[in-house]
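Taken in order, these protein sequences are the chains called L and R. Taking the numbering used here, I'd label the letters of the first sequence as residues 8 to 301. Taking the numbering used here, I'd label the letters of the second sequence as residues 465 to 746. Using N, Cα and C, we set each Cβ at its ideal position, and we do this for glycine too. A quick note: this is a predicted structure, and the numbers were derived from the prediction, not measured. Read the structure below first, then the notes.
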Amino acid sequence: MHLTFDHISLALSGKTILDDISFEVADGEFVSILGESGAGKSTTLKVVAGLIPQDEGSVLFDGQPVDDLPTHKRSCAIVFQDIRLFPNMNVQDNVAFPLKMQGVAKAERLRVAQEMLEAVKLPDMGTRRVHELSGGQQQRVALARALAGHPRAILLDEPFSGLDEQLREEMRSLVLSLHERFGMTSLMVTHDPDEALTMSDRIVYVSEGKLIQEGTPADLLLRPRNQLVASCFGDTSAIEGAVAEEVFRVGKLEVPAPEVADGPAVLVRVQGSVPFVHSLEAPAAALPASEEGR
Amino acid sequence: MAASNAAATRRKKRNGKPFSKLFVAIHVLIVLLPISVIAVWACADRWQWPLLLPEEFSMRGIEEVLFSSNGQGLAVMGQSIAIAFAVAVLTTIVAAMAARAICNYTWVGRNAYSFLLVVPFLIPTTVFAMGVQVLFIHAGIARTVFGVILAHSICALPYAVTIMIDVTRAAGTRLEDAARTLGAGPLRSFVSTTLPALMPGILSSISMSYILSFSQYFLTLLIGGGAVRTFATVMFPYLSGGDRTIAAAYGISFILATFVVFLIFEWLLRRFGLGKRTDLYG
């Protein structure tokens with residue numbers, strides 16, 4: 008599904024939350040909305056899903072306005088930060104819930120639920136109560152539940168923020184592999200620049216309800232539109248990846264690395280200077296990342 | 465060895481088991497002792513002070529309760545239970561809807577409405593009953609079962625609303641929102657997700673309203689005007705008249721009827737799968 012967010016504005020209790028925001032998510036694309044807390048990221052997802060109606064502008068699915076369509080008919084499943092599994096149902100019934108709403112026969116929906124639980128690597132958890140699962144397992148069940156009804160788009164609201172670093176890494180890989188397998192349009196909210204850089208086809212950077220910059224991860228990393236975006240990526244951390252044919256790759260992030268030897272490498276970001284790729288196999292070959300983008 | 469014994473003793477002390485057992489025993493005695501005295505009184509014919517047990521036993525009290533007024537005893541009990549049950553259901557439905565409106569929506573006059581709902585707390589039942597009686601006579605519903613149900617419901621509403629506001633606020637709309645994004649319509653998402661979370665509160669509200677109605681004497685007498693007879697109105701003259709045997713028999717029947725109805729509430733909740741354990745209340 009091609010999603011269009013067309014000049015959306017929204018104020019809640021007199022405070023502007025979204026200010027004339029427009030962007031598009033192509034069919035099957037994975038887009039991240041990046042920004043600090045209170046930037047309006049989660050509200051954007053809720054407007055897409057129809058949980059909060061916008062004051063101005065229009066949301067379009069495949070070119071058709073859906074502003075008058077209630078949430079349950081929009082077919083946009085949200086994976087929430089606080090998980091929101093139904094405590095009165097077991098794991099299997101949680102996953103089968105969207106299919107039940109679609110009127111799918113019990114045997115079929117239990118079969119699909121089992122298939123989804125296998126996809127998120129929890130094949131034997133179907134009969135467990137949700138409070139018996141760990142946080143990471145609960146988030147996987149939430150992911151399986153969101154995918155089970157084959158929604159037109161999947162909306163991820165900071166889905167990894169409650170997990171420890173190792174689990175976050177596992178969940179990122181899982182989400183990306185499921186996105187590739189099911190190929191559905193995905194929109195993820197995050198405040199973690201590394202997450203946005205490595206998972207997204209494109210990133211939408213928002214601040215105080217305004218869209219600041221939109222582009223590929225390399226665009227935002229190498230050509231930030233202003234100081235705000237630059238400082239978001241400008242800490243001194245490093246991203247580990249690999250160079251092949253003079254391109255540094257990690258997840259979906261691709262940064263040109265001319266004259267850097269193939270093999271394991273690290274993309275180093277230092278406040279106030281251009282990020283550069285450093286080969287981990289040949290210490291001498293440390294060169295600035297190209298400004299050309301991909 | 466000595467160290468591990470000392471640790472076990474400390475753990476035992478921390479657990480506070482002897483104290484908790486003693487506390488529970490005292491608690492049970494406080495509840496059961498008066499009830500057991502009433503139970504004995506209900507079957508006693510002569511029980512003079514300072515004798516520990518009655519001199520004579522008889523079923524006079526029980527017979528009076530069940531078959532008095534030409535066999536009307538059971539009918540009065542049935543009517544009392546029916547009125548109290550109707551009050552419990554009506555009050556809880558109104559309270560649940562009011563709590564939802566107050567907790568989940570923003571609208572002009574919300575705070576005033578919230579205050580109005582608990583105003584009956586501030587008005588003594590006698591004052592309220594006299595005002596309501598005049599109003600109900602004009603409306604033509606005085607001396608009717610419907611009038612009594614309505615009057616009891618108004619009295620029970622503040623208690624029910626207070627309970628329902630707490631559970632509705634705790635449940636929030638988080639799960640409902642999640643269900644809606646998964647394809648459930650507004651009613652379906654409420655029934656599938658929020659209702660089970662509200663169930664402990666609904667049970668408390670039903671129980672509280674039921675008890676309030678079942679034990680209501682003055683309001684029933686004034687609004688019912690003698691035409692609507694309930695257990696409380698029939699029992700009261702015996703309590704004030706000094707016939708302890710019959711009063712105790714009514715008392716025991718009152719407790720038993722309430723206990724049985726509460727068991728039925730619990731069974732119904734389990735039967736329809738609504739009383740299952742939730743994360744919210746364990």
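For a cutoff of 8 Å on Cβ pairs, would you count residue i as touching chain L?
i	result
R:R638	yes
R:D641	yes
R:I652	The amino acid occupying residue 652 of chain R in the given sequence is Arg; Ile does not appear at that position. Closer than 8 Å: yes.
R:P660	yes
R:T697	no
R:T632	no
R:T753	Because residue 753 of chain R is not part of the residues shown, which for chain R are 465 to 746, the question remains open.
R:T657	yes
Please check the pair residue i and residue j, which I expect to be a contact at CB under 8 Å, by giving their CB distance rounded to whole angstroms.
i	j	result
L:L170	L:G143	6 Å
R:S544	R:F678	6 Å
R:L646	L:M108	6 Å
L:V102	L:A155	5 Å
L:A245	L:L287	Not a contact, Cβ separation roughly 10 Å.
L:V213	L:I40	6 Å
L:D69	L:M123	About 25 Å separates the two Cβ atoms, so there is no contact after all.
L:P231	L:A203	With a Cβ gap of about 13 Å, L:P231 and L:A203 do not count as contacting.
R:I627	R:M672	7 Å
Chain R beta carbons: is any one of them nearer than 8 Å to that of residue i?
i	result
L:H79	yes
L:G156	yes
L:F68	no
L:P224	no
L:P105	yes
L:N95	yes
L:M108	yes
L:R303	Because chain L here runs from 8 to 301, residue 303 of chain L falls outside it and cannot be looked at.
Please list, in chain order, the chain R residues whose beta carbon lies closer than 9 Å to that of residue i.
i	result
L:D164	Those within 9 Å of L:D164 in chain R number zero; the least Cβ separation is about 10 Å.
Count the other CB atoms within 10 Å of the CB of residue i; is the residue buried (16 or more) or exposed (fewer)?
i	result
R:K740	Confidence in R:K740 is poor, its pLDDT being 48 and thus under 50, which makes the residue's placement unreliable; the coordinate value appears in the next sentence. That one is exposed.
R:T684	buried
R:E577	Residue 577 of chain R is actually Tyr in this sequence, not Glu. Per the 10 Å Cβ criterion, exposed.
L:Q220	buried
R:I710	buried
L:L58	buried
L:G133	buried
R:K481	exposed
R:Y714	buried
R:G604	exposed
R:S617	buried
R:A550	buried
R:V698	buried
L:T192	buried
L:K48	buried
R:Y569	exposed
L:N95	buried
L:E247	exposed
Could you name the residues of chain R that residue i contacts, counting a contact when the two beta carbons are closer than 7 Å?
i	result
L:I40	Within 7 Å Cβ-Cβ: nothing; L:I40 doesn't reach chain R, min ~17 Å.
Would you mind telling me which residues of chain R sit closer than 8 Å to residue i, beta carbon to beta carbon, in chain order?
i	result
L:A84	T645, L646
L:D89	R638
L:L303	Not covered by the structure: residue 303 of chain L. The range shown for chain L is 8 to 301.
L:R152	L646
What does residue i reach in chain L if we use C-beta pairs closer than 7 Å?
i	result
R:G649	H79
R:T608	Chain L residues near R:T608: none, gap ~40 Å exceeds 7 Å.
Complete runs of the alpha helix (DSSP H) confined to the segment 474-553 of chain R [at least 4 residues] | 481-506, 524-535
Can you give, in chain order, each stretch of the alpha helix (DSSP H) that sits fully within the segment 551-622 of chain R and has at least 4 residues?
-> 574-581, 589-603
Alpha helix (DSSP H) runs wholly inside the segment 246-277 of chain L, at least 4 long, in chain order = none
Taking the runs of the alpha helix (DSSP H) that are 4 residues or longer, which of them lie wholly in the segment 142-216 of chain L?
-> 142-155, 172-189, 200-206
Could you pull out every unbroken beta strand (DSSP E) segment of at least 3 residues lying fully inside the segment 658-692 of chain R, listed in chain order?
-> none
Inside the segment 37-109 of chain L only - alpha helix (DSSP H) runs reaching at least 4 residues = 48-56, 98-108
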